[in-house]
Amino acid sequence: MQSPLPPSNDSAPPDALPDAPPHHKLHADEPDVDTPLVRRLIAAQFPRWAGLPVERFPSSGTVNAVFRLGDTMAVRLPRTPGGADDVAMESRWLPWLAPQLPVAVPAVLGRGEPGEGYPWAWSVHRWLDGANPVAGELTAPGPLAADLAAFLAALRRADPSDGPPAYRGGPLAAVDTETRNALAELRELAVGLDLAAATAVWDAALRAPAWEGPPVWVHSDLMPGNLLVRAGRLDAVIDFGTAGVGDPACDLIAAWNLLPAGVRAEFRAGTGADDATWERGRGWALSMALIQLPYYAVTNPVIAANARHVIREVLADHARQG
């Protein structure tokens, strides 16, 4: 990914919606994408699927527009040039990672090329059923925390030797400017959050010791929308465009964007996070939320609502720890 903006999920709930109007875009450089365009791309590049129905699906994802293709496939068209770079990454690494992980991950069935007026690479994935978990509405938070920790443990066991740098695998300082700019913007918007406390938490996270271990595989975008659950248990993890090797702290964000306070200790124990890694992980969760909130306040209410939730959870967590 090239954009400093936080990537997020590209999953879709089970009910189809009409295409969003052309002006309904999340990013300034986003092309017009609709169902007729997807039908033309499929017909031109994957004629064996040309007779299948195409339906646009609602998604809080910020990186790809998602369409259902028949009963078993999904078409993902990147919204930005940075998202287009993820197509090659997922095609290269998902087949290698998949057998090493305890839950399902996307299978890339086809890589599309620019065409029909659409400017970038795009992809066809096997459809994964399941529901996105919602913070505050988990039916089995303890087992889900254990599932997430087991997924991360398996991901970290993958050989990092040739892995690409993860989108958030470096130091927190890399996003200090964007985070402080977001804090300044939120002050102007008067969002009703304790931004002085948020600044203090961010400063504390920046002071945490850096990762001194070897780089490990990380997903680096474990937002609720990138998780699929069945009966409350983790069933799949999607959207690996940000994955790569680096500091494992970035994958701890689920502790604040999804899991309730009562199971965070269980999640932390399962990940083996030391004090410094946990502090950096909390910093990543806060930074992402601060950047997301002003950017998506109008265009993506799901992301904005989760951002507010994360900020409140991080501040409460920090206060509890004194």
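Position 81 of the sequence shown, counted from 1, bears residue number 550 in our numbering, the numbering being contiguous throughout.
Here a beta-carbon is modelled for each residue, glycine too, at the ideal position from N, C-alpha and C.
C-beta atoms of residue i and residue j nearer than 8 Å
i: Ile722; j: Trp753; result: yes
i: Pro770; j: Leu727; result: no
i: Trp596; j: Thr549; result: no
i: Gly632; j: Val714; result: yes
i: Leu578; j: Val556; result: no
i: Ala724; j: Phe736; result: yes
i: Thr648; j: Leu570; result: no
i: Trp591; j: Leu641; result: no
i: Trp680; j: Leu755; result: no
i: Asp704; j: Ala573; result: yes
i: Ala742; j: Gly750; result: yes
i: Asp554; j: Gly639; result: no
i: Ser560; j: Tyr636; result: no
i: Trp518; j: Leu538; result: yes
i: Leu414; j: Ala773; result: In the structure displayed, the chain extends from 470 to 791; residue 414 sits before or after that span and is not available.
i: Ala604; j: Asn775; result: yes
Residue(s) in a DSSP beta bridge with residue i
i: Val593; result: Val544 and Gly579
i: Ala609; result: DSSP output for Ala609 lists no bridge partner at all.
i: Gly584; result: Tyr587
i: Ala441; result: Missing from the structure shown is residue 441; the chain here goes from 470 to 791 and no further.
i: Pro634; result: Val714
Cβ-based burial, residue i [other Cβ within 10 Å; buried from 16]
i: Thr711; result: buried
i: Gly661; result: exposed
i: Trp562; result: buried
i: Glu606; result: exposed
i: Pro602; result: buried
i: Ala767; result: The sequence given here places Val at residue 767; Ala does not occur at that position. Exposed: under 16 other Cβ atoms inside 10 Å.
i: Pro566; result: The displayed chain sequence assigns Leu, not Pro, to residue 566. It counts as buried.
i: Gly682; result: exposed
i: Leu658; result: exposed
i: Pro684; result: buried
Own chain, CB closer than 6 Å to residue i, minus 5 neighbours either side, in chain order
i: Arg733; result: Ala724
i: Leu624; result: Trp686
i: Leu621; result: Asp720 and Thr740
7 Å Cβ shell around residue i - same chain, five flanking residues per side excluded
i: Gln514; result: Gly581, Glu582 and Gly584
i: Gly599; result: Leu697, Val698, Arg699, Asp704 and Ala705
i: Asp645; result: Leu675
i: Ala618; result: Phe736, Gly739 and Thr740
Any non-hydrogen atom of the ligand ATP closer than 7 Å to residue i Cβ
i: Gly713; result: The model depicted lacks the ligand ATP and carries no ligand whatsoever.
Spatial neighbours of residue i in its chain, beta-carbon cut-off 8 Å, leaving aside the 5 residues before and after
i: Arg702; result: Ala609, Pro612, Leu613 and Asp616
i: Val523; result: Thr504, Val507, Arg508, Ile511, Phe536, Arg537, Leu538 and Val544
Ranges of the beta strand (DSSP E) found wholly within the region 506 to 575, counting only runs of at least 3: Correct list: 523 to 525, 533 to 538 and 542 to 547.
Whole alpha helix (DSSP H) elements within the region 659 to 747, 4-residue minimum: As far as the region 659 to 747 is concerned, its whole alpha helix (DSSP H) runs of at least 4 residues are 664 to 676, 723 to 726 and 733 to 740.
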